[in-house]
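Asker:
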Amino acid sequence: MEEARVELVPVKTHIVTKRDNIVDVIEKYAGPDMGPDDVVSVAESVVAITQGRYRRPEEMSPSILAHVLARFVHRDSSCSSACGMQATIDEGGALRVLFAFIVGGIAKVFGKSGVFYRLAGEQAALIDDVTGTMPPFDKMLVFGPKDPVKVAEAIKARLGCYGAAVADVNDLKRAAVLGVTEGLQPAELSRILIHNPFGNANQQTPIVIIKNYAAAAAKRG
Amino acid sequence: MLVYAGYFLAFLGLVFLALALYIWRQGDADFVFDTANRSRLELEKETADEMVFTFNVPFRNRGSQQGTLMDVFVRPWIPKEQFSAAELTTKVTVASCPRSDGYWEATLFPNEKLEHDIAVIKLRFHSEGGDIRQAMDQIVDLPLNIVYQVVARAEWYLSKTMLELPMEEFHAAMQNGRGQK
Chain A
1 MEEARVELVP VKTHIVTKRD NIVDVIEKYA GPDMGPDDVV SVAESVVAIT
51 QGRYRRPEEM SPSILAHVLA RFVHRDSSCS SACGMQATID EGGALRVLFA
101 FIVGGIAKVF GKSGVFYRLA GEQAALIDDV TGTMPPFDKM LVFGPKDPVK
151 VAEAIKARLG CYGAAVADVN DLKRAAVLGV TEGLQPAELS RILIHNPFGN
201 ANQQTPIVII KNYAAAAAKR G
Chain B
222 MLVYAGYFLA FLGLVFLALA LYIWRQGDAD FVFDTANRSR LELEKETADE
272 MVFTFNVPFR NRGSQQGTLM DVFVRPWIPK EQFSAAELTT KVTVASCPRS
322 DGYWEATLFP NEKLEHDIAV IKLRFHSEGG DIRQAMDQIV DLPLNIVYQV
372 VARAEWYLSK TMLELPMEEF HAAMQNGRGQ K
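Chains A and B, in that order, give the protein sequences.
The working numbering numbers the first residue of the first sequence as 1 and each following residue consecutively.
The working numbering numbers the first residue of the second sequence as 222 and each following residue consecutively.
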């Protein structure tokens, strides 16, 4: 794909909450700018928030396992707090997380990192600890979204755009596309979104329209 | 068989001990609000029925792990039996990333940092339809609790630090504020 022909348009929204329907939000704010050649991408944490997938630390009772495992995780990880690890256990299951921890630890001894997150379930890498999301969700642990492919398909069906994607992008040049509509390539979208066009949380732009995506793809194809 | 069970229990005990030692050595975040080195009270704003005082309290994470101050608020201990001439409300924010809405944004503070961060505390006295100067003449020594919620390696907890603002400092700030007009 020739990136020069693709334009990224961040879209500002209100503070989205669990009272919102993500498809309605995208239609309201991005709908007027969407064309049939465009792909709309939405930040995964915002999708998760509309699904009510967040918890306050005060609502959680970390187990002994969570307390112990959290102590062995890198301090910058969302699993490094007892609550963050408990959230991972709640999503992935205690046995699975323990297994991932043991295998991940052994793998790390041999210089291979990231194994824990691959084995502990997809949520392990998606949970945002407190401070990970903009106010008022800075005081919550925000989980990854449920059924991101279904969400993407629902967005496409409503907006009539070329495609839709749910993405986890940050300023550390990390872009993971969690769900896309049929025909889109997650790896290619990750490359397009790698510079985090969503901006930081306070910019309130959880939607990015990838303009001319289909036209650029056709030209390449 | 009993011997093997004994070995197994001893092994479990050693594992437990090693974990406890590791966690103890790792430690956790430990926030301290250095009230002894707070700034002097200043009168920031004055209208006919309102006065806003401000002062700074340095704080830092002196622990061995980074930690999040998830919430910080200032709780005055001033009952109406002692002072009812004006209503007091408080706000606190961090100087490096100030907010004016009174909302404390959860912020991660590293433990390696030697210099302090600064908590900016504002005290707003409001005398409904009254004369704020006259009301503040009745001010007494004001005890304040800085209450803060920490999330770090261990489970979240609340803690607090108390300080007291002497009434003479209010009077001096009002005097200085008057002089600056």
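Where is the CB? At the ideal position from N, CA and C, for every residue including glycine.
1. Using 8 Å as the threshold, is the region 264-271 of chain B in touch with the region 320-333 of chain B, meaning 3 or more CB pairs across them?
2. Just by C-beta distance, which residues in the region 362-392 of chain B are closer than 8 Å to chain A?
3. List the residues of chain A that glutamate 326 (chain B) touches, going by C-beta distances under 7 Å, in chain order.
4. If the criterion is Cβ atoms closer than 7 Å, does the pair asparagine 202 (chain A) and methionine 134 (chain A) meet it?
5. Could one say the Cβ of arginine 71 (chain A) lies closer than 7 Å to chain B's Cβ atoms, at least one of them?
6. Looking at the unbroken alpha helix (DSSP H) that takes in aspartate 369 (chain B), where does it start and where does it end?
7. Name, going along the chain, the residues of the region 230-259 of chain B whose beta-carbon falls closer than 8 Å to a beta-carbon of chain A.
8. Can you tell me the Cα-Cα spacing of lysine 402 (chain B) and methionine 395 (chain B), whole angstroms?
9. Hey, could you find the ends of the alpha helix (DSSP H) lysine 266 (chain B) is sitting in?
10. Is any beta-carbon of chain B found at less than 7 Å from that of valine 16 (chain A)?
11. Going along the chain, which residues of its own chain have a beta-carbon closer than 8 Å to the beta-carbon of leucine 119 (chain A), five neighbours each way excluded?
12. Looking only at its chain, what residues have a beta carbon closer than 7 Å to the beta carbon of glutamate 2 (chain A), apart from the 5 residues adjacent to it on each side?
13. Work out the CA separation of glutamate 182 (chain A) and lysine 156 (chain A) for me, nearest whole Å.
14. For the structure I just gave you, are there three or more beta carbon pairs, one from the region 272-281 of chain B and one from the region 245-263 of chain B, closer than 8 Å?
15. For the pair the region 224-237 of chain B and the region 50-61 of chain A, tell me if three or more CB-CB distances fall below 8 Å.
16. Quick one: is cysteine 79 (chain A) buried, meaning 16 or more other Cβ sit within 10 Å of its Cβ, or exposed?
17. Are any of the Cβ atoms in chain A nearer than 7 Å to that of threonine 289 (chain B)?
18. Helix, strand or coil, according to DSSP, for threonine 310 (chain B) in the structure here?
19. Tell me, which residues are paired with aspartate 128 (chain A) by DSSP?
20. Roughly how far, in whole angstroms, is the beta-carbon of asparagine 212 (chain A) from the beta-carbon of glutamate 27 (chain A), given that I think they are within contact range, below 8 Å?
21. Measure the Cβ-Cβ separation of isoleucine 209 (chain A) and valine 9 (chain A) and say whether it is below 7 Å.
22. Closer than 7 Å, CB to CB, is leucine 329 (chain B) near chain A or not?
23. Nearest-angstrom Cα distance between leucine 342 (chain B) and histidine 14 (chain A)?
24. Suppose you measure from the CA of histidine 392 (chain B) to the CA of aspartate 249 (chain B); what does that come to, to the nearest Å?
25. Three Cβ pairs or more, each shorter than 8 Å: is that satisfied between the region 186-193 of chain A and the region 159-176 of chain A?
26. Ignoring anything shorter than 3 residues or poking outside the region 32-66 of chain A, list the beta strand (DSSP E) runs there in chain order.
27. Within 7 Å of any Cβ in chain B, is that where the Cβ of threonine 88 (chain A) sits?
28. Where do the ends of the beta strand (DSSP E) carrying threonine 382 (chain B) lie?
29. Rounded to the nearest angstrom, what separates valine 180 (chain A) and phenylalanine 346 (chain B) at their Cα positions?
30. Anything in chain B within Cβ reach of valine 166 (chain A), meaning under 8 Å, just list it in chain order.
31. Work out the CA separation of glutamate 389 (chain B) and valine 11 (chain A) for me, nearest whole Å.
32. I need the boundaries of the beta strand (DSSP E) containing glycine 163 (chain A), first residue and last residue.
33. Starting from aspartate 292 (chain B), find everything on chain A with Cβ-Cβ shorter than 8 Å and list it in chain order.
Answerer: On the basis of the supplied data:
1. no
2. Val372, Ala373, Arg374, Ala375, Glu376 and Trp377
3. Along the second sequence, one-based indexing puts residue 326 (chain B) at 105. Under the 7 Å cutoff, chain A gives Pro135 and Asp138.
4. Reading the first sequence from its first residue, position 202 is the one you call residue 202 (chain A). Reading the first sequence from its first residue, position 134 is the one you call residue 134 (chain A). Taking 7 Å as the Cβ cut-off, asparagine 202 (chain A) and methionine 134 (chain A) qualify as a contacting pair.
5. Sequence index remark: in the first sequence, residue 71 (chain A) carries index 71 (1-based). It does; some Cβ of chain B falls within 7 Å.
6. What you label residue 369 (chain B) is simply residue 148 of the second sequence in a count that begins at 1. Checking the sequence shown, residue 369 (chain B) turns out to be tyrosine, not aspartate. That residue, tyrosine 369 (chain B), is in no alpha helix (DSSP H); its beta strand (DSSP E) goes 363-372.
7. Leu240, Tyr243, Ile244 and Gln247
8. Along the second sequence, read from residue 1 onward, the residue named residue 402 (chain B) stands at position 181. Along the second sequence, read from residue 1 onward, the residue named residue 395 (chain B) stands at position 174. Low local confidence applies: a pLDDT of 46 at lysine 402 (chain B) is under 50, so the model's placement there is unreliable, with the coordinate-based value given in what follows. Cα-Cα distance, rounded: 11 Å.
9. Sequence index remark: in the second sequence, residue 266 (chain B) carries index 45 (1-based). Counting along the chain, lysine 266 (chain B) falls outside any alpha helix (DSSP H), though it belongs to the beta strand (DSSP E) covering 263-267.
10. Residue mapping note: residue 16 (chain A) aligns to position 16 of the first sequence, counting from 1. Chain B contact via Cβ: absent.
11. Here residue 119 (chain A) refers to the residue found at position 119 when the first sequence is read from its first residue. Same-chain partners within the cutoff: Arg96, Phe99, Ala100, Val103 and Gly104.
12. For the purposes of this step, residue 2 (chain A) is taken as the residue at position 2 of the first sequence. Confidence in glutamate 2 (chain A) is poor, its pLDDT being 45 and thus under 50, which makes the residue's placement unreliable; the coordinate value appears in the next sentence. Excluding positions up to five away in sequence, the list reads Ala216, Lys219 and Arg220.
13. On the first sequence, residue 156 (chain A) is found 156 positions in, with the first residue counted as 1. On the first sequence, residue 182 (chain A) is found 182 positions in, with the first residue counted as 1. Those two C-alpha atoms are separated by around 10 Å.
14. yes
15. no
16. Numbered from 1 along the first sequence, position 79 holds the residue referred to as residue 79 (chain A). Buried, by the Cβ-count rule.
17. Position 68 of the second sequence holds residue 289 (chain B). At least one chain A Cβ lies under 7 Å of threonine 289 (chain B).
18. Along the second sequence, one-based indexing puts residue 310 (chain B) at 89. Residue state, collapsed to three classes: strand.
19. Within the first sequence, the letter at position 128 stands for residue 128 (chain A). Aspartate 128 (chain A) pairs with A:Val142.
20. Stepping through the first sequence from its first residue, residue 212 (chain A) is reached at position 212. Stepping through the first sequence from its first residue, residue 27 (chain A) is reached at position 27. In fact, because the Cβ distance is near 20 Å, the residues do not count as touching under 8 Å.
21. Locating residue 209 (chain A) in the first sequence gives position 209, counting from the first residue. Locating residue 9 (chain A) in the first sequence gives position 9, counting from the first residue. Yes, they are a contact pair.
22. Position 108 of the second sequence holds residue 329 (chain B). It does; some Cβ of chain A falls within 7 Å.
23. Start at 1 with the first residue of the second sequence, and residue 342 (chain B) comes out as number 121. Start at 1 with the first residue of the first sequence, and residue 14 (chain A) comes out as number 14. Before going further, note that residue 342 (chain B) is isoleucine rather than leucine in the sequence given. Distance between the alpha carbons of isoleucine 342 (chain B) and histidine 14 (chain A): 29 Å.
24. The residue labelled residue 392 (chain B) in the question sits at position 171 within the second sequence. The residue labelled residue 249 (chain B) in the question sits at position 28 within the second sequence. Histidine 392 (chain B) and aspartate 249 (chain B): Cα-Cα distance of roughly 41 Å.
25. yes
26. 39-43
27. Position 88 of the first sequence, counted from the first residue, corresponds to residue 88 (chain A). Not an interface residue.
28. For the purposes of this step, residue 382 (chain B) is taken as the residue at position 161 of the second sequence. It spans 378-386 - the beta strand (DSSP E) in which threonine 382 (chain B) sits, taken as one unbroken run.
29. As a working mapping, residue 180 (chain A) is identified with position 180 in the first sequence. As a working mapping, residue 346 (chain B) is identified with position 125 in the second sequence. Computed Cα separation, rounded: 55 Å.
30. Locating residue 166 (chain A) in the first sequence gives position 166, counting from the first residue. What valine 166 (chain A) touches in chain B: nothing, since even the nearest Cβ is about 25 Å away.
31. As a working mapping, residue 11 (chain A) is identified with position 11 in the first sequence. As a working mapping, residue 389 (chain B) is identified with position 168 in the second sequence. The alpha-carbon atoms of valine 11 (chain A) and glutamate 389 (chain B) are separated by roughly 53 Å.
32. Counted from its first residue, the first sequence places residue 163 (chain A) at position 163. From DSSP, the beta strand (DSSP E) with glycine 163 (chain A) extends over 163-170.
33. Position 71 of the second sequence, counted from the first residue, corresponds to residue 292 (chain B). Within chain A, the residues near aspartate 292 (chain B) are Lys139.
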